[in-house]
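Heads up, the sequence shown is in this note's numbering, so the first residue is 23 and it goes up one at a time. The block underneath contains the structure these notes are about, expressed in structure tokens.
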Amino acid sequence: MVILGETGSILIPELPRAREGTGRLRALRLLHTHLEPAAGNAGHDPKNNALLSREDLMDLLFLRLDSIAVLTVNAYGEPHLFQQAHLLPSAPDSEKPYMLHEVCAWNRVNLDVSAQTEALEAEMSRNLNGAEEVNTEERCILVSVSTQPKAAQESGLAELAELARAAGLSVSGAMTRRVQRMDYNHALGRGKLAELEVMALQGQADMIIFDLELTAAQLGNLAEATERKVLDRTQLILDIFAQRASSSAGKLQVELAQLQYRLPRLVGMGRSKALDRLAGGIGGKGPGETKLETDRRRIRERITRVKAELKALRGHRGNIRSRRSKAGLPVVSLVGYTNAGKSTLLNALSGSDVLTEDKLFATLDPASRRLRFPEERELILTDTVGFIRSLPKELIEAFRATLEELEEADLLLHVVDAAAPEREQQIRAVDHILEGLNLHKLPQLLVYNKIDRLAPGRLPEPEKEADESPLQRRKSYVSALTGEGLPELGRKIIAMVDWRKNSGFD
């Protein structure tokens, strides 16, 4: 197919979807002409002896063209000079992600673009797969744009990579960009976006995930610059919750969180692949696959209906808690950072078989089990959804019906991954969320789990702070996997629960 443009522009019709694969070139070549002698060409750069302009090369990047070329004419209107550029399959040591060939006379051009394109795609495929089997998971590029130090950015990207893995994604690459101040209209400049586009092309990634919460303006601007699906950290977490929700209550809560997140971002999302390909895939699971043409009124109506259903759910759970209170059984709730081992600890203490998996947010719906001690005392042990830093406010509000279970707790077991390098930051993140829920004044027992992963004699100690109110609590060291420390943990739970308040024990 040959498309002929006018002097100032060219209209490219909708192309076959077979070439939308983000690890492939577009099967589209652009040849444009300068219909004046080279010295007067608008795009000609005599200093660098280049006919192709920077705008031409940006089009090559963002449109994933097979090649871009320019042809000039001489004073007699005859073909004169020619220059071509194409993307590079990998350029780790190169300043530029493309090859810009030298200007040469038209009658000396010896170029087979089809063979060149096939060789480029073959090399891209080899670089990605190597000797390994082809990965069928969706691939993504992770991006951190922040005012924080590089170490903090890398830590955030490591957690984002774990979130991506929990969502079933394969990470092809990562980019960090430290800025003096955040630009709430453009997350990245055009130059960095070009680098990101090349990284995504070389890694065959069809998705870009930012380690921040994007505004509607940022979503829209990113959508205009790239044809890839663009998500932020909040969308990724919401998608994980959508995948993991199994109960009707969990599904309602996730739907409410997704609707509340999308409502103020309808305009930006309308231009973004985040809502353009909602037939399936990451970023596409959720309430009715809402698209841009769904107006705010319909979303608000759905939010109202979901809130009414959740209100009824809260009433039902309130009745259950009331009956439990009348039975005189104390409630001990497990809280903590996601993947700290709460469900494994619940299973170890109660002998149950709640789902456990070494992934972030492996369990979503709350679980309650009776726990009987040898001293003829019983209590209810409840497991709740894991926390994470900067937990989306939409999720906190939507899961309030679930988190209200914590309000009735007589004791909180704050479970910590003792082997996590960022365990102190994780403790503070959980404390911050508990304070926001007004639960920080409840009695707490800090349970350092996974001590089997530590070197012998290297038990962690919480950091000392000027205000030790949240950290001035009793500690316990256990391995839910091996059972080490569980008897001592049971004795501390018995000692810290106020049995007289619940069941009249003296």
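Don't be surprised by glycine CBs; every beta carbon is placed ideally from N, CA and C.
Please name the residue or residues paired with residue i in a DSSP beta bridge.
i	result
Q106	A91
H54	V92
A389	D405
K251	M229
M121	H108
F395	R399
V437	G358 and V469
V165	M197 and F232
P101	V95
E160	L191
Spatial neighbours of residue i within its chain, please: C-beta separation below 8 Å, excluding the five flanking residues on both sides.
i	result
A153	In this predicted model, A153 has a pLDDT of only 35, less than 50, meaning its place in the structure is not dependable; the value taken from the coordinates is given anyway. If we look at A153 and ignore the five residues flanking it on each side, it has no Cβ neighbours.
G190	E159, E160, Q265 and I304
D474	S501, L503, T504 and E506
L33	I25 and G27
On a Cα-Cα basis, can you pick out the residue from the options that is closest to residue i?
i	options	result
A238	L285, L368, N471 and K329	L285
Q224	I410, E28 and I163	I163
P443	F383, N129 and P482	P482
L241	E217, A174, I259 and N207	N207
K329	L428, E219, E277 and M518	E277
I449	L425, A362 and K514	A362
R496	W521, R480 and Y470	Y470
Y283	E419, L425 and V438	E419
P111	V131, E140 and D134	E140
E181	S498, L413, M518 and R324	L413
M23	T29, S31, L50 and G30	L50
T29	A271, H56 and E176	H56
Taking a contact to mean a Cβ-Cβ separation below 9 Å, would you say residue i touches residue j in this structure?
i	j	result
A502	L476	no
V357	V452	yes
V165	L210	yes
P352	L401	yes
M508	Q466	Per the sequence shown, the amino acid found at residue 508 is Leu instead of Met. The answer is no: Cβ separation not under 9 Å.
R199	K214	yes
A22	V125	The displayed coordinates of the chain run from 23 to 528. Any statement about residue 22 would go beyond what the structure contains.
L79	V220	no
Q10	L133	This structure cannot settle anything about residue 10, because the visible part of the chain is limited to 23 through 528.
L103	L93	yes
A186	L258	yes
D233	G195	no
If you drop the 5 nearest sequence neighbours on each side, which residues of the same chain put their C-beta closer than 7 Å to that of residue i?
i	result
F421	Q275 and V407
T360	L382, F383, G408, F409 and I410
D228	T44, E160, R161, R250 and K251
K472	G363, D439, A440, A441 and S501
Specify, as a first and last residue, the run of the beta strand (DSSP E) that residue i falls within.
i	result
V354	V353 to G358
T198	L191 to R200
S498	R496 to Y499
Considering only residues of the same chain and omitting the five flanking positions on each side of residue i, which have a CB-CB separation below 6 Å?
i	result
L461	L428
D81	none
R411	A451
S147	none
With respect to the alpha helix (DSSP H) encompassing residue i, which residues constitute its N-terminal and C-terminal limits?
i	result
D78	R76 to F84
Q170	Unbroken run through Q170: none, as it is neither H nor E.
N369	K364 to S372
E510	L508 to M518
R445	R445 to G458
I418	K415 to A420
M221	R212 to Q224
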